[in-house]
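Asker: Can you keep this structure in mind? I'll have questions shortly.
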Amino acid sequence: MGRTIGIVSLKGGVGKTTIVSALGGAFARLGKKVLLVDGNLSSPNLGLHLNIIDPEKTLHDILNRNVKVRQAIQPYRGFDVLPASVFSKVEVNPLKLKDHLKNIKRAYDLIVIDSSPSLNEETLGVILASDEILVVTTPDHPTMSTSLKAAKLAKQRGTPISGIIVNKVHKKDFELSVSDIESTMDIPVLAVIPHDLDVLRALSNMEPSTNYNPDSEGSEEIMKLAASLIGEKYRKNSFRNLFNNLFPTRQDINREIFYKKVFR
Ligand SMILES: Nc1ncnc2c1ncn2[C@@H]1O[C@H](COP(=O)(O)OP(=O)(O)OP(=O)(O)O)[C@@H](O)[C@H]1O
Ligand SMILES: [Mg+2]
Numbered sequence: 072m073g074r075t076i077g078i079v080s081l082k083g084g085v086g087k088t089t090i091v092s093a094l095g096g097a098f099a100r101l102g103k104k105v106l107l108v109d110g111n112l113s114s115p116n117l118g119l120h121l122n123i124i125d126p127e128k129t130l131h132d133i134l135n136r137n138v139k140v141r142q143a144i145q146p147y148r149g150f151d152v153l154p155a156s157v158f159s160k161v162e163v164n165p166l167k168l169k170d171h172l173k174n175i176k177r178a179y180d181l182i183v184i185d186s187s188p189s190l191n192e193e194t195l196g197v198i199l200a201s202d203e204i205l206v207v208t209t210p211d212h213p214t215m216s217t218s219l220k221a222a223k224l225a226k227q228r229g230t231p232i233s234g235i236i237v238n239k240v241h242k243k244d245f246e247l248s249v250s251d252i253e254s255t256m257d258i259p260v261l262a263v264i265p266h267d268l269d270v271l272r273a274l275s276n277m278e279p280s281t282n283y284n285p286d287s288e289g290s291e292e293i294m295k296l297a298a299s300l301i302g303e304k305y306r307k308n309s310f311r312n313l314f315n316n317l318f319p320t321r322q323d324i325n326r327e328i329f330y331k332k333v334f335r
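Residue 72 is where the sequence shown starts when you use this note's numbering, and the numbers rise one by one after that.
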């Protein structure tokens with residue numbers, strides 16, 4: 072039975088869609104059957120990250136008409152995508168997402184859902200359709216305060232929050248540190264992804280950053296996150312990884328705790 076992971080934040084541009092796409096590439100590399108779902112119904116763009124420009128059938132058709140989920144699923148390299156419609160003007164009920172995904176959960180190991188940046192029914196629909204949530208933030212106060220709101224919403228709705236992904240990190244003193252973020256949010260940070268031009272290059276190539284440059288620091292963080300989410304250890308003989316094994320970062324330790332808590 073597929074595990075459904077919602078990627079949320081209540082701020083635009085923090086990197087939700089980028090991370091959903093990168094996780095697709097990472098889970099596929101780990102041999103898992105994964106479906107990425109565009110739950111950002113009002114301004115969807117997961118398809119545009121993955122070279123799916125104008126799909127014939129979309130999540131809008133599923134929520135709006137009697138199109139079966141399977142009819143709108145498209146294969147990408149190693150994983151599947153359920154795109155939403157960039158052009159649709161029809162009103163749909165995002166709260167029905169959970170019911171529709173129920174029908175295909177058995178066909179996947181993991182379903183990763185992208186979400187809207189607004190505090191609206193779309194975000195709620197994703198939270199309700201998810202077995203667990205990962206909250207994305209950037210290391211600054213305004214974004215963290217909106218991330219707190221997203222975490223509160225998930226808590227109110229009883230969806231467990233597995234952790235925080237800190238994205239677009241410049242490694243500057245003025246940024247919030249991992250411990251600042253953890254102590255304010257009271258949620259463990261499971262991945263820290265640097266701001267990296269290769270992520271933008273991957274976007275212009277319409278492919279996941281984990282495919283475009285699998286050896287970058289950010290891609291390795293996503294691989295480690297994906298591995299710990301499925302109870303596996305990420306082993307790679309890179310200098311960075313060997314160094315990390317000797318001097319683990321805060322998020323390395325959090326991933327280890329997560330792995331032991333969930334899988335042992
Ligand atoms: N780690 C990173 N380094 C550099 N650029 C990044 C990184 N992560 C994301 N970006 C870029 O930031 C921009 C916004 O990313 P993305 O569309 O994933 O954000 P989002 O949270 O999904 O936004 P929205 O809520 O509007 O859908 C994109 O151009 C993306 O390539
Ligand atoms: Mg997005």
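Built from N, CA and C at the ideal position, the CB exists for glycine as well. Note that the structure is predicted; figures quoted are calculated from it, not measured.
#1: In chain order, which continuous runs of the beta strand (DSSP E) of length 3 or greater are located wholly inside the stretch 236 to 291?
#2: Please report the distance separating the alpha-carbon of I144 from that of N312.
#3: Rounded to a whole number of angstroms, what is the C-alpha to C-alpha distance between N284 and D251?
#4: When DSSP labels each residue in this structure, what does S187 get in the three-state scheme?
#5: Do the stretch 187 to 199 and the stretch 289 to 299 make contact, defined as three or more Cβ pairs closer than 8 Å?
#6: Assuming L101 and A298 form a contact by the criterion Cβ under 8 Å, report the distance between their Cβ atoms to the nearest whole angstrom.
#7: Go to I76, then tell me how far its beta strand (DSSP E) extends in each direction, as first and last residue.
#8: At a cut-off of 8 Å, would you count K87 as near ligand 2, judging by its Cβ distance to the nearest heavy atom?
#9: Kindly examine ligand 1 and report whether one of its heavy atoms sits closer than 8 Å to the Cβ of H120.
#10: Which residue marks the beginning of the alpha helix (DSSP H) containing V140, and which one marks its end?
#11: Is A221 near S80, with beta carbons less than 9 Å apart?
#12: Quick check: the Cα distance between L247 and P210, rounded to an integer number of angstroms?
#13: May I have the straight-line CA-CA distance separating I264 from I78, to the nearest angstrom?
#14: What is the rounded straight-line gap between the Cα of Y147 and the Cα of S92?
#15: Give the straight-line distance between the Cα atoms of G96 and T75, rounded to the nearest whole angstrom.
#16: Helix, strand or coil: how does DSSP classify E327 here?
#17: If you compare alpha carbons, which of Y179, H131, L112, S187 is closest to K82?
#18: Determine which residues share a DSSP beta bridge with L181 and list them.
#19: What's the gap between the Cα of L119 and the Cα of Y330?
Answerer: From the atom records:
#1: Within the stretch 236 to 291, the complete beta strand (DSSP E) runs of at least 3 residues are 260 to 265.
#2: About 35 Å.
#3: If you take the alpha carbons of N284 and D251, they lie about 30 Å apart.
#4: DSSP places S187 in coil when its eight states are reduced to three.
#5: Pairwise C-beta distances place the stretch 187 to 199 out of contact with the stretch 289 to 299, as fewer than three of them are shorter than 8 Å.
#6: For L101 against A298, the beta-carbon gap comes to about 6 Å, under 8 Å, which counts as contact.
#7: Start and end: 74 to 79.
#8: With a cut-off of 8 Å, the C-beta of K87 is classified as near ligand 2, since at least one heavy atom of the ligand falls inside that distance.
#9: For H120, the shortest separation between its Cβ and any heavy atom of ligand 1 lies below 8 Å.
#10: Counting along the chain, V140 sits inside the alpha helix (DSSP H) bounded by residues 140 to 143.
#11: It is a contact, given that the beta carbons lie within the stated cut-off.
#12: Each residue's Cα considered, the two are about 5 Å apart.
#13: Whole-angstrom Cα-Cα distance: 15 Å.
#14: Roughly 11 Å separates the two Cα atoms.
#15: Between the C-alpha atoms of G96 and T75 there is a straight-line separation of about 16 Å.
#16: Assignment of E327 by DSSP, reduced to helix, strand and coil, places it in the helix class.
#17: Out of Y179, H131, L112, S187, S187 has the C-alpha closest to the C-alpha of K82.
#18: In DSSP, L181 forms a bridge with R74, V105.
#19: When rounded, the distance between both Cα atoms is 33 Å.
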